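What follows is a short report on a single structure.
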Amino acid sequence: MQAAVLAAWMLLPSGCWSNKEIETQSLQIAVALDLPHPTKVERGLDAVNPDRHARDYITNTFQLIIPGQVGRIGGSTSEELSTRPYRNISQTGESVFGNVRELAKRISTPPLGHHLKVIIISDALAKRYDIASFLDFYFRDNDIRLSPLILISRGEAGKTLESDSQTDIPGFQIPETVRNRFRSNKILPPVQSYELLSMLRSKKSFLLQTVVKSDSELEYRGAAIVKGESGKIAGYLSDQELEAASWIRGGNRRGGVLKLGRNLSNVPIDMEIGSIQSSIAAKESNGRFHFLVDVEGDGEIMEDWRQTAVGKYSDAYYRGMERKLEEEVKQNIESLLDQLQSRYHADPLEFHETVRRRMPRTWKKVQEHWDEHFSAADVEVRVRIHLAGHGASELS
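Under the working numbering, the residues of the sequence shown are numbered 6 to 401, in order.
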């Protein structure tokens with residue numbers, strides 16, 4: 006009899022014990038982290054409650070959405086919407102966890118972190134503190150997945166979550182931009198929080214994508230260099246330096262544009278990159294490392310203002326252009342390496358991985374002070390470019 010009752014019980018449909026309607030909840034989709042700067046609202050609240058003596062370390066700006074309100078956007082025009090489908094609210098305090106708890110005193114529906122898409126960190130905050138320290142809460146909290154995209158803001162991070170549009174939601178749009186990597190080699194591979202945790206634990210230098218905000222526009226631009234030993238931002242790469250980094254990293258990378266510099270051409274000449282492959286060889290002699298960076302790429306000339314005739318160009322044109330493009334890439338790579346070795350004394354491009362994999366015994370001896378060894382290393386660069394054609398005009 007008991008077995009029959011148990012079997013019948015197991016056949017009953019199961020469900021979630023929570024009966025909260027998703028349409029009534031506040032979902033946290035983005036968060037920005039800044040050095041403390043209390044908002045006007047917070048200053049007003051503190052004036053009423055002057056007995057708060059805690060030292061402020063950080064400001065969290067939470068971007069919250071109510072799913073029921075977002076669902077109505079599809080049937081409305083921007084003129085018909087009286088309010089945005091999201092709300093930004095800032096909280097300043099001693100810690101990230103403390104700010105989350107303080108926020109519960111100000112809004113009726115505490116934010117749910119299950120759907121967090123992006124964490125944007127101000128460069129000022131990441132210069133002052135080890136990134137691992139103020140992200141500790143996001144690495145530990147059970148309600149937040151280790152999947153949010155991590156970005157660095159040049160300037161106040163909270164402003165990156167603002168938009169003039171009544172329908173655009175920055176917390177969704179900002180992380181979606183990374184999908185355009187196939188069209189630009191100025192966008193780094195996305196770094197999610199679980200990857201960042203591994204990077205920070207390794208104590209090796211690395212790059213994080215930076216974003217800039219001007220008026221109502223936000224753009225992916227350049228990268229921040231995070232030093233492995235300190236976990237803090239040590240400097241930045243420009244867009245051009247980030248392009249050079251993409252050639253060193255290789256990985257059969259597709260997409261992007263290679264432009265000839267003014268020292269090689271007085272008019273615009275652009276190559277669309279078909280693929281990039283690279284390899285790094287290493288050897289060590291008397292405590293000094295020597296690297297050979299071998300880069301190979303292919304693509305098509307998509308724009309050349311010197312040419313007025315449409316049709317197939319001569320082999321001499323392509324061979325000459327290949328040599329110029331090779332020179333351009335080599336110059337850019339060597340300039341980048343000089344910056345990393347002489348100015349920043351950091352290896353965010355993972356030269357250490359070649360040593361770790363191929364020279365494990367040597368690696369054990371040098372890994373604790375690798376950035377110093379990299380800064381003193383000799384690096385030779387070889388570049389080969391192959392042009393497949395000149396776009397659709399080749400068909401004529």
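We put the beta carbon where it would ideally sit given N, CA and C, even for glycine.
All figures in this text were calculated on a predicted structure; none of them were measured in a lab.
Excluding the 5 residues flanking residue i on each side, which residues of the same chain have their C-beta closer than 7 Å to its C-beta?
i    : result
V384 : F296, V298, L342
M204 : F211
I349 : Note on residue identity: the sequence assigns Tyr, not Ile, to residue 349. Same-chain partners within the cutoff: I230, A239, G240.
C200 : In the sequence on display, residue 200 carries Glu and not Cys. Taken in chain order, the list of residues that qualify is empty.
S81  : Only weak support exists for where S81 lies, its pLDDT of 44 falling under 50; the coordinates are left without a value.
H395 : E305, I306, Y318
S189 : G260, G261
D244 : K191, R226, G227
E107 : Q96, G98
For residue i, which residues from the same chain have a beta carbon less than 6 Å from its beta carbon, with the 5 sequence-adjacent residues on both sides left out?
i    : result
I274 : L265, D309
V371 : H378
E246 : L341
G79  : Bear in mind that a pLDDT of 45 at G79, under 50, signals an unreliable position, so the model cannot answer this.
A249 : N337, I338, L341
S284 : D299
Y241 : G227, A229
W375 : H357
V360 : A287, W368
P43  : T97
E85  : Confidence at E85 is low in this model, with a pLDDT of 41, below 50, so its placement is unreliable and no value can be given for it.
I136 : G236
S168 : P175
Could you spell out where the alpha helix (DSSP H) holding residue i opens and where it closes?
i    : result
K232 : Counting along the chain, K232 falls outside any alpha helix (DSSP H), and DSSP gives it neither H nor E.
M326 : 320 to 343
T359 : 356 to 363
H378 : 375 to 380
G261 : Segment: none, G261 is in no alpha helix (DSSP H) and carries neither H nor E.
K132 : 128 to 133
G176 : 175 to 181
L69  : Unbroken run through L69 is the beta strand (DSSP E), 63 to 70; no alpha helix (DSSP H).
D39  : That residue, D39, is in no alpha helix (DSSP H); its beta strand (DSSP E) goes 32 to 39.
D275 : From DSSP, D275 is part of no alpha helix (DSSP H) but of the beta strand (DSSP E) over 274 to 290.
How about residue i and residue j: are their beta carbons less than 8 Å apart?
i    : j    : result
A229 : L213 : yes
V123 : L69  : no
P180 : L154 : yes
S31  : P116 : yes
A393 : G279 : yes
V300 : R206 : no
F144 : L130 : no
E234 : K208 : yes
G260 : F187 : yes
L330 : L223 : no
T66  : L166 : yes
W252 : V183 : no
F272 : R311 : The sequence shown places Val at residue 272, rather than the Phe named in the question. Closer than 8 Å, so yes.
A351 : K232 : yes
S380 : Q344 : no
So the candidates are the options; which of them puts its Cα closest to the Cα of residue i?
i    : options                : result
R159 : A37, I338, K232        : A37
S198 : L121, L108, Q171       : L121
R92  : D39, D352, S170, R106  : S170
I149 : D244, L354, V183, Q33  : Q33
S290 : G302, Y322, M364, Q344 : M364
E332 : P41, T114, S270        : S270
I125 : F294, E107, P195       : P195
E161 : V105, V216, A321, P353 : V216
E47  : E373, K110, S152, E355 : K110
List the whole-angstrom C-beta distance separating residue i from residue j, where the pair is believed to meet the contact cut-off of C-beta under 8 Å.
i    : j    : result
M276 : G304 : 5 Å
S95  : I63  : With 8 Å as the limit, S95 and I63 do not qualify as a contact, their Cβ atoms being about 11 Å apart.
Y225 : I174 : Rounded, the Cβ-Cβ distance is 18 Å, inconsistent with contact.
D141 : G118 : About 15 Å separates the two Cβ atoms, so there is no contact after all.
D220 : S127 : 18 Å between Cβ atoms; not a contact.
E327 : I390 : 5 Å
A402 : G176 : Given that the chain is displayed from residue 6 to residue 401, the structure contains no residue 402 and the question cannot be resolved.
Tell me the residue span of the beta strand (DSSP E) that contains residue i.
i    : result
N104 : N104 -> not in any beta strand (DSSP E); alpha helix (DSSP H) instead, spanning 101 to 108.
G302 : 293 to 309
R387 : 383 to 394
Q96  : 91 to 98
F211 : 211 to 219
S158 : 154 to 158
Taking 7 Å as the cut-off, is the C-beta of residue i nearer than that to any heavy atom in the ligand ATP?
i    : result
S280 : The ligand ATP is not part of the structure shown, which contains no ligands of any sort.
Can you give me the Cβ contacts of residue i inside the same chain, cut-off strictly under 8 Å, excluding the 5 residues immediately before and after it?
i    : result
K132 : K237, I238
L400 : With a pLDDT of 45 at L400, under the threshold of 50, the predicted position of this residue should be treated as unreliable, and no value is reported.
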